[in-house]
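**Q**
Chains as they are written, first to last, in my numbering: chain A, -19 to 514; chain B, 435 to 711.
#1: Please list the terminal residues of the continuous beta strand (DSSP E) segment that includes residue 514 (chain B).
#2: I want to verify the contact list: residues of chain B whose CB lies under 8 Å from the CB of residue 256 (chain A), in sequence order.
#3: Can you tell me which of A:365, A:33, A:88 and A:53 puts its alpha carbon nearest to the alpha carbon of residue 63 (chain A)?
#4: What separation, rounded to the nearest whole angstrom, lies between the Cα atoms of residue 422 (chain A) and residue 301 (chain A)?
#5: Would you please state the rounded distance, in angstroms, between the beta carbons of residue 222 (chain A) and residue 274 (chain A)? I believe it to be under 8 Å.
#6: Count the other CB atoms within 10 Å of the CB of residue 304 (chain A); is the residue buried (16 or more) or exposed (fewer)?
#7: Report yes or no: is there a C-beta of chain A within less than 8 Å of the C-beta of residue 460 (chain B)?
#8: Taking residue 9 (chain A) as the reference, give the member of A:403, A:40 and A:70 with the closest Cα.
#9: When burial is assigned at 16 or more other CB atoms within 10 Å of the CB, is residue 481 (chain A) buried or exposed?
#10: So which residues of chain D does residue 500 (chain A) contact, with C-beta pairs closer than 7 Å?
#11: Can you tell which of A:446, A:224 and A:199 has its C-alpha closest to the C-alpha of residue 669 (chain B)?
#12: Thinking C-alpha only, which one of A:192, A:356, A:215 and A:3 is nearest residue 491 (chain A)?
#13: With DSSP collapsed to three states, give me the class of residue 563 (chain B).
#14: Taking residue 135 (chain A) and residue 197 (chain A) to be in contact with their CB atoms under 8 Å, please state how far apart those CB atoms are, rounded to whole angstroms.
#15: Using three-state DSSP, classify residue 443 (chain A) as helix, strand or coil.
#16: Counting along the chain, where does the alpha helix (DSSP H) carrying residue 643 (chain B) start and finish?
#17: Within 8 Å (strictly less), CB to CB, does residue 540 (chain A) reach chain B?
#18: Counting only the same chain and skipping the five closest in sequence on each side, list residues whose C-beta sits under 7 Å from that of residue 260 (chain A).
#19: Which one of A:168, A:185, A:169 and A:140 has the shortest CA to CA distance from residue 596 (chain A)?
#20: According to the neighbour-count rule (16 or more other Cβ atoms, all chains shown, within 10 Å of its Cβ), is residue 504 (chain B) buried or exposed?
#21: In chain B, which residues lie less than 8 Å from residue 142 (chain A) when you measure between Cβ atoms?
#22: 8 Å is my cut-off, CB to CB: does residue 603 (chain B) come that close to chain A?
#23: Quick one: residues in its chain with C-beta nearer than 7 Å to the C-beta of residue 432 (chain A), no 5 flanking neighbours on either side, listed in chain order?
#24: Beta carbons nearer than 7 Å to chain B: which residues of the stretch 157 to 171 of chain A have them?
#25: For residue 531 (chain B), count neighbouring C-beta atoms within 10 Å of its own C-beta (all shown protein chains included) and say buried if the count is 16 or more, exposed if not.
#26: Any contact of the stretch 500 to 511 of chain A with the stretch 588 to 606 of chain B, i.e. 3+ C-beta pairs under 8 Å?
#27: Is DSSP giving residue 383 (chain A) helix, strand or coil here?
#28: If you draw a straight line from the alpha carbon of residue 625 (chain B) to that of residue 603 (chain B), how long is it in whole angstroms?
#29: Can you give the Cα-Cα distance for residue 568 (chain B) and residue 454 (chain B), rounded to whole angstroms?
#30: Within 8 Å (strictly less), CB to CB, does residue 616 (chain B) reach chain A?
#31: Would you call residue 411 (chain A) buried or exposed, if buried means 16 or more other Cβ atoms sit within 10 Å of its Cβ?
#32: Let me confirm a value: residue 523 (chain B) is counted as buried when at least 16 other C-beta atoms fall within 10 Å, else exposed. Which label applies?
#33: Mapping DSSP to helix, strand and coil, what is residue 410 (chain A)?
#34: Leaving out five residues before and five after residue 697 (chain B) in sequence, what residues of the same chain have Cβ atoms less than 7 Å from its Cβ?
#35: Can you give me the start and stop residues for the alpha helix (DSSP H) that residue 479 (chain B) sits inside?
#36: Rounded to the nearest angstrom, what separates residue 678 (chain B) and residue 193 (chain A) at their Cα positions?
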């Protein structure tokens, strides 16, 4: 047991926790300076998390399971706790015996893990004890009793088609209360999901979400692919975050292989992440304008977005930056003409973007629709563990780029815009401010772009090792956690898209608002269905 | 108000001339991969590099049959990186009426060391597909063209995509591509639609919704499958949760390859569906 390999920031936490939980939850190993593993018993998890929440301002980023019955004879639960101030992660591993396949819910204390715990129950068949709403979440009600992420379940299992069993929604009753079901096929060009509004008159009393329509077996698929092909699959976890997801995946694999992308590659990664942020933020600003009927602003926004997509194509060969990410760096280096084009592009796009935001700012009728609409209070946001854009509009001062510097973010100066109002307008303002920051980041990156190679060889991966990769995507923090197995393959790849964390917040933001405002409230979060459902 | 007008006037017209002018693509844009069949000596490295199985081969005795299926290809360029006989072209307008047309098959003699030589035969699926199409009935086709010739209402259905295709389909409504100038219009209900633009792969959870949407669309109706996943299941293929391409659930009239197809490729495919090019 070697604790010397712990970052200075994390050491006090690790020392204190080790002392306090001695003999019950033990230090296990520290594969990387900021990624420290502990292991302990199920009945102590709640106390461990509560202690870290209270004393070290930790937060539970994700909880997931791993079927290690072959090898360890156990299922394992992993609780990843982020310590933003100490720039590190404590990961608690808890064994679950196959003879008693159950685990204790933390949802009552930490509502942020509500869906994730239910997902474990659905996909691994580990029974949830003490969950306030242990109904099915990831697998729909008509699914047979199968546990797809268990190792003895074959990826290509053919399941019987839809049997007719429907989800039973909670009843909302009272005089004049009626239900408005929407989806899964929606009216716009967006992804599928089902929303059930219970309304009394105009205001919405209660919104119930039914997602996971686009569940594609992605995590299972990772276990069946050579690790190099995993990059392509990671690009398709959520199409609008192709580069961020692929980079998070590459980051995890590089960490397990103990290699680091060369400096120039890290810079190019940051450039691509910022371009992804800019095109999505501009698209969202346009979409918010569309949803309140301000078509002129929407047209300007889509025009600007198209310009970014074309630049993406010029820099990476693909408009959504696909094919650029690879293990050990990036696939293509840029010549001086491409770098110059990027610099020139920033100078051209910035005035256009400022004109767009000015257009919205000057439109009183637009602001009237955005202000005080869909408020997510800082308290609710904290309880639900909301991350990313939506979190920063509701007082959650968190940004993986700053708190856990990856790619080249350690070498650039930027600020993280945070507001506390939490309405649609402030989610728009966060995007505005972030695009401005992105311009500044890109300029710094271009100016100090180091030379050298853009790719190192990631050799054979060690067997049965784990690693956590992280990236701040445009929506928020993205995590890919992997465990390797022999033959350069993965035994498990857990993907955490920020959308999964933020969906329940839409329910809260929606309550008391009217249905006609739902599109704009939903758009102001703009969560990925595919990233959630996987 | 005047400010809005001033801004719009200063910017001027941004709409592309596509078609008839060819689409503007960046010089590095990746589209269809091209294999130099004469100088191709070993299918194995490129097939191993391909993440979706778009490139595959099967050996039977001493005959190797290699297939390039654009319906599965994501234009990632990993094959070209691993094999000098393969290069990436910027060509993106690849829509086809039949999945066979997206396949190119070549036969070689297998050598002892596993490489291959002596191109025996090369054929695209286009020829076979053309004869199949005869059977569909030209008359019906002509009728549909007459009905949809001027104006077409499109209902987009995401049957399980990663939302990459949606990013590009949304772009069709931008002033740059402005589909309404062709009389094409995205509508909110399948009951108003003439054409379903379906992205995939079709997930088990979306199968019923897709069938119902199709049933709710009045005839005559057209279905266009979008993207590698819509055409074939793409990188997801067929698994416990993914049923694969759109045509495994409902009949498809046109397939648009790409990952995602760019707006030119989308327009090209939609025009093909209504015989307007």
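We put the beta carbon where it would ideally sit given N, CA and C, even for glycine.
**A** Quick look at the numbers:
#1: Run containing residue 514 (chain B): none in the beta strand (DSSP E); it sits in the alpha helix (DSSP H), 512 to 516.
#2: The contacting residues do not exist; residue 256 (chain A) stays about 11 Å from chain B at best.
#3: Residue nearest to residue 63 (chain A) within the set A:365, A:33, A:88 and A:53 is A:33 (criterion: CA-CA distance).
#4: Each residue's Cα considered, the two are about 16 Å apart.
#5: Residue 222 (chain A) to residue 274 (chain A), Cβ: 29 Å. No contact.
#6: It counts as buried.
#7: Closer than 8 Å: yes.
#8: Selected option, being the one with the closest Cα: A:70.
#9: Burial of residue 481 (chain A) is indicated by the presence of at least 16 other C-beta atoms within 10 angstroms of its C-beta.
#10: Note that chain D does not occur in the displayed structure, where the protein chains are A and B.
#11: The option with the nearest alpha carbon to residue 669 (chain B) is A:199.
#12: If we check each option's Cα against that of residue 491 (chain A), A:356 comes out closest.
#13: Low confidence applies here, because residue 563 (chain B) scores a pLDDT of 48, under 50, leaving its location unreliable and the question unanswered by this model.
#14: Residue 135 (chain A) to residue 197 (chain A), Cβ: 7 Å. Contact.
#15: Here DSSP, grouped into helix, strand and coil, assigns residue 443 (chain A) to coil.
#16: Taken as a continuous stretch (DSSP letters only), the alpha helix (DSSP H) holding residue 643 (chain B) covers 641 to 650.
#17: Absent from the structure is residue 540 (chain A), since the part of chain A shown begins at -19 and ends at 514.
#18: Excluding positions up to five away in sequence, the list reads 220 and 454.
#19: Residue 596 (chain A) lies beyond the range of chain A shown here (-19 to 514); nothing can be said about it.
#20: In summary, residue 504 (chain B) is buried, with 16 or more beta-carbon neighbours lying within 10 Å of its beta-carbon over all protein chains present.
#21: Under the 8 Å cutoff, chain B gives 638, 641 and 642.
#22: It does; some Cβ of chain A falls within 8 Å.
#23: Excluding positions up to five away in sequence, the list reads 242, 243 and 244.
#24: The residues in question are 164, 165, 167, 169, 170 and 171.
#25: Around the beta-carbon of residue 531 (chain B), 16 or more other beta-carbon atoms lie within 10 Å, marking it buried.
#26: Counting Cβ pairs under 8 Å, three or more are found: they touch.
#27: The DSSP-derived three-state label of residue 383 (chain A) is helix.
#28: CA-CA distance, residue 625 (chain B) to residue 603 (chain B), rounds to 20 Å.
#29: With a pLDDT of 48 at residue 568 (chain B), under the threshold of 50, the modelled position of this residue cannot be trusted; read the value that follows with caution. Distance between the alpha carbons of residue 568 (chain B) and residue 454 (chain B) is about 28 Å.
#30: When Cβ-Cβ separations below 8 Å define contact, residue 616 (chain B) makes no contact with chain A.
#31: Burial check for residue 411 (chain A): the Cβ neighbour count within 10 Å reaches 16 or more, so the residue is buried.
#32: Only exposed fits residue 523 (chain B), as fewer than 16 other CB atoms lie within 10 angstroms of its CB.
#33: Looking at residue 410 (chain A) - three-state DSSP - the assignment turns out to be helix.
#34: Closer than 7 Å at Cβ, skipping near neighbours: 602, 605, 606 and 611.
#35: For residue 479 (chain B), the uninterrupted alpha helix (DSSP H) run begins and ends at 478 to 483, by DSSP.
#36: Residue 678 (chain B) and residue 193 (chain A): Cα-Cα distance of roughly 15 Å.
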